[in-house]
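In our numbering, the protein residues as written are 139 to 559.
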């Protein structure tokens, strides 16, 4: 060990497993940005990876898994159930790999040649690389997230292999050469069970994303169909204008004014404003301008779209309608005179740019950091039926290869969408 090159090699091999494991962990859950959180998680990862696990020695196993779960709890973002499940799943996998090496592989005759320290580090590196590749191979494109019920399912699936490792560590006698094959087989069963659970979690994530995309597509289609029905009613009632005039002519003088007033107040007789060269955009902006006027919201639209846009009409309807609905909802808590929504849209040089802005209250401003990591939650109490707006916009923008940005600046919430035509 006096050889400086050997010491440098061992030090490098000692840091590599921690870095690899940290990257694997980052594929599954977001780590808080402050250095003390990252340092705490790196420390927990180091102790987890290099903890020696022998059969019959429960102290190391218990301390390592509890300390790592504590580090996950403090240093990572996400729900409590997500942090506990991912922490338990990864910690159990690493400790099972450690137990395989420390309790089984080192008992082989080949490992009595004085190279234990080097082989120890190489195996730790190989273990973390194995885990990283398993995760990286299945890693989803977007954030890894599951519904609470699915997290509970993954947590339950972890119990059997964790029970195997726990039983070996807690109850199996140490240094039983006659049981070496059995111990090795049980450790391998637990390891591959954890790998299967990790893969199952990714499969569930993809299935959940597919269900969300289908729900968003159905939501957008229904939104567009509702708009189409409204436009059809407008055309139908305008077509029946002659019948209304005949009705007015036949009414007594005392009832004519009331009937005429009812017709004037009917929204279908309001003129469809021409904001752009796209009929769908015009219909959406007209409907939303009327809605905002009814709720005391000042609406300003600057639109430069000289031609019909080449997007599917349900997608275009959902993009503009959801953006304006979210802006209207965002400023609903303000006083009537302060409610305002600004929309700027331009189609030029093969790119559609959309910006929607609305002010927000000081209370809402305290939650600005939420927009850095995930979409803001709906303010409506029924989250099962609401909260699709920004997800629908995000899905529409992604469908056409565009980008979406959310910002809070100078008391305004800003939504930016850029979509190539």
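From the three backbone atoms N, C-alpha and C, an ideal C-beta is built for every residue, glycine too.
Going by Cα to Cα distance, which pick from the options is closest to residue i?
i	options	result
residue 362	454, 336 and 436	454
residue 343	282, 316, 242 and 236	282
residue 256	268, 269 and 239	239
residue 330	294, 269 and 476	269
residue 539	551, 555 and 545	555
residue 209	198, 197, 226 and 199	226
residue 309	178, 197, 223 and 436	197
residue 219	544, 551, 341 and 287	287
residue 213	346, 176 and 204	176
residue 559	551, 543, 535 and 476	535
residue 435	416, 463, 417 and 451	463
residue 533	303, 557 and 547	557
residue 423	415, 439, 237 and 432	439
residue 350	284, 316, 492 and 292	284
residue 243	347, 352, 450 and 326	326
residue 164	389, 353, 179 and 173	179
Between which two residues does the beta strand (DSSP E) carrying residue i extend?
i	result
residue 483	478-486
residue 490	489-497
So if DSSP puts residue i in a beta bridge, which residue, or which two residues, is it bridged to?
i	result
residue 546	551
residue 439	481
residue 444	DSSP, once it has assigned bridges, lists no residue as partnering residue 444.
residue 558	489
In this structure, how does DSSP classify residue i when only helix, strand and coil are distinguished?
i	result
residue 541	strand
residue 214	strand
residue 224	helix
residue 292	helix
residue 190	coil
residue 167	coil
residue 299	helix
residue 271	helix
residue 283	coil
residue 473	coil
residue 414	coil
residue 348	helix
residue 240	helix
residue 155	helix
residue 195	coil
residue 533	helix
residue 259	helix
Residues in its own chain within less than 6 Å of residue i by CB, not counting five upstream and five downstream?
i	result
residue 460	527, 530 and 531
residue 496	465, 468, 469, 479 and 551
residue 261	239
residue 166	224 and 282
residue 492	483 and 555
residue 485	443
Can you name, in chain order, every residue of its own chain whose Cβ lies under 8 Å from the Cβ of residue i, other than the five neighbours on each side?
i	result
residue 251	Since pLDDT at residue 251 reaches only 41, below the 50 mark, its modelled position is unreliable, and no value is offered.
residue 289	217, 219, 220 and 223
residue 574	One cannot answer for residue 574 here, as it falls past the ends of the chain, which runs 139 to 559.
residue 476	469 and 497
residue 181	209
What are the start and end residues of the alpha helix (DSSP H) that includes residue i?
i	result
residue 427	417-432
residue 468	451-468
Under 7 Å Cβ to Cβ from residue i, same chain only, skipping five residues before and after it: list those, please.
i	result
residue 241	191, 192, 193 and 321
Give a yes or no on whether 7 Å exceeds the smallest Cβ distance from residue i to chain D.
i	result
residue 467	The question asks about chain D, but that chain is absent: this structure has only one protein chain.
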